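Enquirer: Every number in my numbering is 9 more than the matching position in the sequence shown, counting from 1.
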Amino acid sequence: MHQRHTHRPLSKDTQRRLTAYSMMAGALVAGMGQAEGAIEYVEVDNAFGLGGVYDIDFDGDGTLDATIAQNFSSGTNIVGFYSQNNQFVGYGYPSYGSYVYASALPAGVDVGASVLPNMYVAASGPFPFATMNYGSGIGAWAPIFSSDTIDAFIGMQFLSGAGTVHYAWIRCKVNNAMGFEIVSYAWETDALVSIVTGDTGPLLPPASPALSLMASDAGDANDGSDLALAFSQAVDETTVAEYRAIAVKSAAAGSFDLAAAEVLASDRFVSVTPSGTDPAIDFAGILDADGDAISGGNTYACFVLSMADAATAIGNTLSDSSNHVALVTAASAAQNLSGQDFDDNGDPTDFRVRFDPAPNEATVTEYRVLVVDSISVPGFDLATAQAVASGNYTSISPSGAPTDIFLDAAATDVDGDPIQQFLPYQFFVLSVADGSIATEDVLAGPSNVVTLRFVDGLPSPESLGWTATIQDGQLVVDATPTGESHPLRWVGMDGRVLAEWSYSGGRAVFALPGSGLNAEAPIQGLLQWQLPEAAVALRPRQQY
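#1: In chain order, what residues of the same chain lie with their CB nearer than 6 Å to the CB of residue 369, ignoring the 5 residues before and after it?
#2: Please work out which residues of its chain come closer than 7 Å, Cβ to Cβ, to residue 307, disregarding the five sequence neighbours upstream and downstream, and give them in chain order.
#3: Comparing C-alpha positions only, which one of 209, 391 and 446 sits nearest to residue 374?
#4: Less than 7 Å separating the beta-carbons of residue 110 and residue 191?
#5: Can we say the segment 376-384 touches the segment 438-455, given the rule of at least three CB pairs closer than 8 Å?
#6: Does the beta-carbon distance from residue 219 to residue 328 come in below 7 Å?
#7: Using DSSP's beta-bridge definition, name the partner residues of residue 515.
#8: Taking residue 393 as part of the alpha helix (DSSP H), name the residues at either end of that continuous run.
#9: Looking at the structure shown, is residue 537 part of a helix, part of a strand, or coil, going by DSSP?
#10: Using alpha carbons as the reference points, say which of 222, 348, 323 and 271 lies closest to residue 287.
#11: Closest to residue 510 by CA distance: which of 204, 330 and 537 is it?
#12: State the DSSP-derived secondary structure class of residue 359, mapped to helix, strand or coil.
#13: Check residue 399 in the structure and name its three-state DSSP category.
#14: Rounded to a whole number of angstroms, what is the C-alpha to C-alpha distance between residue 265 and residue 255?
#15: Use the C-beta contact count for residue 5: other C-beta atoms within 10 angstroms, 16 or more gives buried, fewer gives exposed.
#16: Grouping DSSP H, G and I as helix and E and B as strand, with all else coil, what is residue 370?
#17: Which parts of the segment 236-267 are runs of the beta strand (DSSP E), unbroken and 3 residues or longer, counting only runs that do not cross its ends?
#18: Just the C-alpha distance for residue 350 and residue 339, rounded to the nearest angstrom, thanks.
#19: Could you round the C-beta distance between residue 318 and residue 248 to whole angstroms and report it? I think they count as a contact, below 8 Å.
#20: Which two residues bound the contiguous beta strand (DSSP E) that contains residue 175?
#21: Leaving out the 5 sequence neighbours to the left and right, which residues in its chain are closer than 7 Å to residue 522 when beta-carbon positions are compared?
#22: In the DSSP assignment, find the unbroken beta strand (DSSP E) run with residue 167 in it and report its ends.
#23: Quick check: what's the CA-CA separation for residue 113 versus residue 157?
#24: For residue 305, is the classification buried or exposed, using 16 other Cβ atoms within 10 angstroms of its Cβ as the cut-off for buried?
#25: Could you pull out every residue in the same chain whose Cβ sits closer than 7 Å to the Cβ of residue 346, ignoring the five residues on either side in sequence?
#26: Which of the three DSSP states is assigned to residue 302 in this structure?
#27: Quick check: the Cα distance between residue 54 and residue 193, rounded to an integer number of angstroms?
#28: Based on the DSSP secondary-structure assignment, which residues constitute the bridge partners of residue 196?
#29: Are the beta-carbon atoms of residue 291 and residue 237 separated by less than 7 Å?
#30: Using DSSP bridges, identify the partner residues of residue 506.
#31: Which value, in whole angstroms, describes the spacing of the CA atoms of residue 493 and residue 443?
#32: Rounded to whole angstroms, what is the Cα-Cα separation between residue 160 and residue 276?
#33: Skipping 5 residues on each side, what residues in its chain have a beta carbon closer than 6 Å to that of residue 361?
#34: Indicate whether residue 422 and residue 386 have their beta-carbon atoms separated by less than 7 Å.
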């Protein structure tokens with residue numbers, strides 16, 4: 010017993026991958042003439058099982074022209090074919106009214122009223138339908154063995170939205186395990202012009218894909234502007250009307266495909282017009298493929314959809330995935346960091362550290378002031394700063410105001426070693442991320458070089474075997490010749506080297522930079538030669 014099927018309104022078929030183009034339609038079949046028309050061809054490749062349904066609107070007028078359904082009746086597998094006010098090539102039994110069967114046509118059959126007049130439509134019921142019956146074999150859609158698959162065409166005619174009659178074919182695959190696949194379909198756009206089953210027309214190539222996608226984390230704004238994408242233009246950009254750059258969460262990137270890319274709303278991609286150069290864009294103001302805001306803490310892969318121009322290419326093309334990028338928002342860095350040997354206590358309290366607040370202190374939960382031996386500065390980086398033990402830095406809470414502090418007497422360098430006189434140090438400030446707005450710490454520095462120099466009680470030059478005198482703005486030094494040169498340095502109290510000469514002993518006169526030493530107010534500095542211990546206080550017009 011056959012079951013009568015009623016139509017259920019369902020979603021439309023997947024978006025057309027190919028658009029219309031001109032061709033010579035049909036072929037000479039049984040002495041019929043060849044007609045010129047245009048074919049629109051659509052690849053589907055949609056497989057479904059028992060209970061599955063697929064709707065087709067050939068001309069896109071909003072009215073369904075055919076529905077393929079996989080149904081089950083009386084222990085027999087039945088594939089239902091519904092035609093909305095249309096007809097199909099098949100077999101009919103007038104006595105049964107609606108019991109009609111769609112033929113399994115081979116490729117190369119000319120479908121048209123004057124060529125194949127056996128177009129049938131059900132005589133009763135609101136929706137004409139036909140079946141492809143496994144049990145009876147009528148219509149030749151019934152595979153004999155369970156491993157067989159019937160691959161054939163349904164021929165039909167339909168009424169377009171313009172009220173004209175057109176011919177079409179639908180390619181289907183049916184197996185004996187209730188499996189069904191809609192492979193493709195095509196229709197003749199000119200009214201009353203026949204179409205040959207399997208004829209797709211002179212297919213144009215798809216749009217050329219974008220190449221070599223490279224994504225990067227380019228900022229710390231915690232939005233789409235942080236995600237940057239560069240890619241190489243398509244090999245043949247004449248086939249591309251538009252590039253659409255798309256950001257996809259890494260977890261979904263593996264299943265993201267052409268069909269998903271083609272249906273995205275305009276706020277989920279960046280539109281790029283082909284220009285003959287390799288594009289570089291960011292995703293400012295753009296949502297990801299799921300419609301979520303792009304933000305730090307997420308990992309993304311990017312794709313580029315090449316939209317066909319419909320003149321030199323038919324069909325859009327999705328690029329390969331870019332690399333996966335984790336968007337990490339860094340905390341804001343301290344500004345204008347400087348250090349100074351300010352006092353003469355002979356301990357770390359002489360160190361004065363100053364810096365301005367980070368531009369966005371909301372990203373900072375803590376500043377860490379770090380003292381680093383200058384010899385270690387070249388290798389001191391963010392990871393090294395983050396690894397410094399808690400007792401080896403000074404913690405400062407963000408206040409919105411400039412920081413101006415003196416170190417504690419017990420302060421050490423980052424290695425936990427006591428801070429020593431006559432060793433050069435530099436400062437860093439680590440901004441520790443708040444963990445919400447920002448997820449990555451940032452390091453500011455290094456500062457200028459600062460050396461602790463406790464002037465009181467330094468040995469006199471005479472006790473070190475050399476003398477230094479300032480005469481008329483010049484430095485006069487006298488020492489026993491050494492036979493080899495050693496740097497002679499005049500160093501400011503903030504640790505900056507103000508002047509340096511090569512000196513091997515004997516009496517020598519050196520020009521001092523600037524006019525500070527001739528000023529009435531004393532300007533304190535230190536003179537070094539050979540060893541750090543040979544440091545002396547140097548003031549204007551004062552002889553040693």
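Each residue gets a CB set at the ideal place from its N, CA and C atoms; glycine is no exception. Keep in mind it's a predicted model, so treat the numbers as computed, not measured.
Expert: On the basis of the supplied data:
#1: 341
#2: 258 and 336
#3: 446
#4: no
#5: yes
#6: yes
#7: 488
#8: 391-395
#9: strand
#10: 222
#11: 537
#12: helix
#13: helix
#14: 10 Å
#15: Lying before the first or after the last residue shown, residue 5 is absent from the chain, which here runs from 10 to 553.
#16: helix
#17: 236-241 and 249-258
#18: 32 Å
#19: 6 Å
#20: 174-184
#21: 507 and 508
#22: 158-168
#23: 15 Å
#24: buried
#25: 364, 436, 438, 453, 454 and 456
#26: strand
#27: 7 Å
#28: 49 and 177
#29: yes
#30: 500
#31: 55 Å
#32: 41 Å
#33: 349, 351 and 415
#34: no
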